[in-house]
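Have a look at the structure below, then the notes.
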Amino acid sequence: MIESNEFLPYEGEPDKKRILAAFRRESVDRVPNMEILIEDQHIEKILRKYAGNSLSYGGDSAKGEVSEEMRPMYPDDFIDLCNIIGQDAMIFDGGLWTPFKKQDENGKLVQVVDRSAKSRKDFESLFLDSETQISNTVKYIREYKEAVKRRNSKIAIAPLYGCIFQTLYEFVVGMNDFMIMCYEDRDFIEDMLEISTEHYIKMTKAVVNEEVDFIFPADDVAFKTGLFIPPKLFKEIWVLRMARIMKPAVEAGVPILFHSDGKIDAIVEDLIEMGVNCLNPMDPYSVDYREYKKRYGDRLCLSGNVDIEFPLSKGIPDDIERDVKEHMDVLKPGYGYVATCSHSIVNYIPHKNFIAYINAIHKYAKY
Amino acid sequence: MVTLDNIYRATVAGNYKDISRLVKEAVENGIKIDVLINDALSKAMIEVGDKFAIGELFMPDMLLSAKVMKEAMSVLKPLVKGDEDIIEKGTIIIGTVKGDLHDIGKNLVITMAEGQGFRVIDLGIDVDYSEFVEAIKEYNPQIVGFSGLLTTTLANIPNHIKAINDAGFRDKVILAVGGAPVTREFADRYGIEIYADNASTAAKEFVKAVKK
């Protein structure tokens, strides 16, 4: 049993080569560990100062907060964090939500989060702030690269972006109306998706041009029972678009990690075909990770599945170690595994459990 | 002549455009309103909910069937004025508990519950203890439902129950709970009468609960 109040030393400094090799299912010294998001209270305990959460500083972009005051975590803090927990990559919010904006009562352009676009007329009154989002992402990539160079670090840099579907149902149109429109006004849905797609194609080209180490498109497209809409329809309106978003990275040989919650069995083959190297997070309420290893392990790197509810929140260190080991036993052989939790290291996970989780990963990660 | 089967199929198919005409004709042809609701509309919603739960139908299907139900009820309600018990099974208050922002599951439960003839008051997300209490005072529900997806949900639910108890309402309402990390064992531990792991089951449990 691992008992410690601190992160134990681990072998092999954080190195992009490790995680990129894992994406390609090549040999590595140890299973890389990586989290999409570590929330601010954990980071404050680790770094002994407020440093935001690992995706953003000054707000919670994962919950749809977008403001001028927000930015990614400062790279020096992120490098320090990665060095302590042995993480090979810095993932930052490079444009999670399509930047559809409208003027507030003071005439200021603000991100649309009120689900108010119920018609073409409503939608056409919105403004797509594409250039701002892309130029900000480029700016932060350069800032991260400068810090990596200055610190002689080998940590990878990757932007998380691309929620073309979720932006619309979560923030712009609203779930119920959006889902009905998928059947009843498909043209409108496709027009909205197309605008998002064109924006994110530009984003991919821009980040590839900045030589990021990998890209991390994300879009929650499924529930625990399956896709939100029938697979045939979804493939027609989303798969082809997401493939176009990824294409500049595929052509440049830049690896792709893709995220969606829920049961995405219906589109895994499509994701492989469009060039995805690694699949995240293998939602434990929807995905059988053993089955995924059998079916896709020779074609996909797999990441995720250690449940943030149990063992990470409600378990004890023994439970966590056992669960991490079970995942390692199944997912580690043959390479192509990145140890990640089922969603994010949220604040309500006890910090000692986060420590136990990281220590357990390093205990069992070595090949 | 319009039959119960026509209405059932229209509901399953999400045919909200024709349902008003079909329902009017059915009533004119002598089909009793409570039979229309229980044996066609609500039954169809259960089929839709069950198929959604196993991945055979999808969110738009469920929502369109719910739209059928709403259209049908808008025709039927004026016809039973003064005798609403025929079509309204009761009132449910539902909200995502304090500290939780998730609402997909809650909204599916609302859809299914309305499909069974319940009037549902949606308190939204991140609902404070006092809001549930105030809503109970205002709407006098039979059932109060807690929804949540986070472990913090589980920690707050006993506090919600305490607030309802302290306000003197605990024995006046049936409590229900659901959400991915919630278990039957959790519900039993806190004396919550209804637990469901999907929207269709929740709706069926609501119906059973008010019949008792």
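Each protein sequence line maps, in turn, to chains A and B. If you're matching positions, the first sequence starts at 732 in this note's numbering and goes up one per residue. If you're matching positions, the second sequence starts at -15 in this note's numbering and goes up one per residue. Cβ coordinates follow ideal geometry from the N, Cα and C atoms, glycine included.
Beta-carbon spacing of residue i, residue j below 8 Å
i, j, result
"I94/B", "V104/B", "yes"
"Q842/A", "K852/A", "no"
"D84/B", "L159/B", "no"
"T80/B", "S131/B", "yes"
"A887/A", "D944/A", "yes"
"D819/A", "R882/A", "no"
"G984/A", "G1028/A", "no"
"Y1023/A", "A164/B", "no"
"N736/A", "I1086/A", "yes"
"A193/B", "E169/B", "no"
"I895/A", "T928/A", "yes"
"M1059/A", "Y1095/A", "yes"
"L924/A", "I968/A", "yes"
"P890/A", "I810/A", "no"
"D911/A", "P142/B", "With the sequence shown as reference, residue 911/A is identified as Ile, and Asp is not the correct amino acid for it. Taking 8 Å as the Cβ cut-off, I911/A and P142/B do not qualify as a contacting pair."
"V903/A", "R975/A", "no"
"L1043/A", "I1092/A", "no"
Neighbouring residues, chain B, relative to residue i (Cβ below 8 Å)
i, result
"F945/A", "Here the premise fails: no neighbours, minimum Cβ distance about 29 Å."
Cβ neighbours of residue i in the same chain (closer than 6 Å, five flanking residues each side left out)
i, result
"S1034/A", "C1009, N1011, V1069 and T1071"
"D951/A", "Q897, S991 and D992"
"I995/A", "A953"
"K1097/A", "R761"
Separation of residue j from residue i, as counted between CA atoms
i, j, result
"L154/B", "T185/B", "The residue you asked about is not Leu; residue 154/B is Arg in the sequence shown. Computed Cα separation, rounded: 23 Å."
"A147/B", "D112/B", "10 Å"
"L899/A", "L827/A", "12 Å"
"N140/B", "Q126/B", "22 Å"
"M1114/A", "A848/A", "This structure does not reach residue 1114/A, given that chain A is present from 732 up to 1098, and the question cannot be answered."
"V869/A", "V938/A", "6 Å"
"A10/B", "V64/B", "15 Å"
"V(-4)/B", "L48/B", "9 Å"
"D106/B", "I78/B", "5 Å"
"I1089/A", "I145/B", "36 Å"
"N1084/A", "H773/A", "11 Å"
"M765/A", "M821/A", "9 Å"
"A24/B", "F190/B", "18 Å"
"K933/A", "F116/B", "47 Å"
"G817/A", "P745/A", "5 Å"
"N(-1)/B", "R(-7)/B", "9 Å"
"M96/B", "N867/A", "44 Å"
"T935/A", "G893/A", "9 Å"
"H930/A", "D824/A", "16 Å"
"K780/A", "A56/B", "59 Å"
"V7/B", "D67/B", "18 Å"
"S758/A", "S787/A", "32 Å"
"D922/A", "I38/B", "31 Å"
"Y914/A", "D807/A", "48 Å"
"F858/A", "V970/A", "25 Å"
Chain B within 8 Å of residue i, Cβ atoms only
i, result
"P961/A", "yes"
"I911/A", "yes"
"N784/A", "no"
"Y914/A", "yes"
"Y741/A", "no"
Contacts around residue i, its chain only, beta-carbon distance under 7 Å, and the 5 residues preceding and following it disregarded
i, result
"L41/B", "V32 and K35"
"I15/B", "L(-12)"
"I865/A", "K933, M934 and A937"
"S861/A", "P830, H930 and K933"
Under 7 Å by beta carbon: chain A residues contacting residue i
i, result
"G39/B", "T956 and G957"
Chain A contact residues for residue i, given Cβ-Cβ distances below 8 Å
i, result
"N91/B", "M906 and N907"
"L47/B", "N907, M910 and I911"
"I88/B", "M906 and F954"
Chain A residues whose Cβ lies nearer than 9 Å to that of residue i
i, result
"M29/B", "Near M29/B there are no residues of chain A at all, since even the closest Cβ is about 15 Å away, more than 9 Å."
Interface partners of residue i on chain B, CB under 7 Å
i, result
"Y1020/A", "Correct list: empty, because the minimum Cβ distance to chain B is about 17 Å."
"Y730/A", "Within the shown structure, residues of chain A are numbered from 732 to 1098, placing residue 730/A beyond reach of any answer."
"Y1016/A", "A164"
Proximity test, Cβ basis, 8 Å: residue i and chain A
i, result
"F42/B", "yes"
"F36/B", "yes"
"I158/B", "no"
Closer than 8 Å to chain E by CB, residue i
i, result
"N13/B", "In the structure shown, chain E cannot be found, because the protein chains are A and B."
Close beta carbons around residue i, own chain, < 8 Å, minus the five adjacent residues each side
i, result
"L138/B", "G132, P165, V166 and F170"
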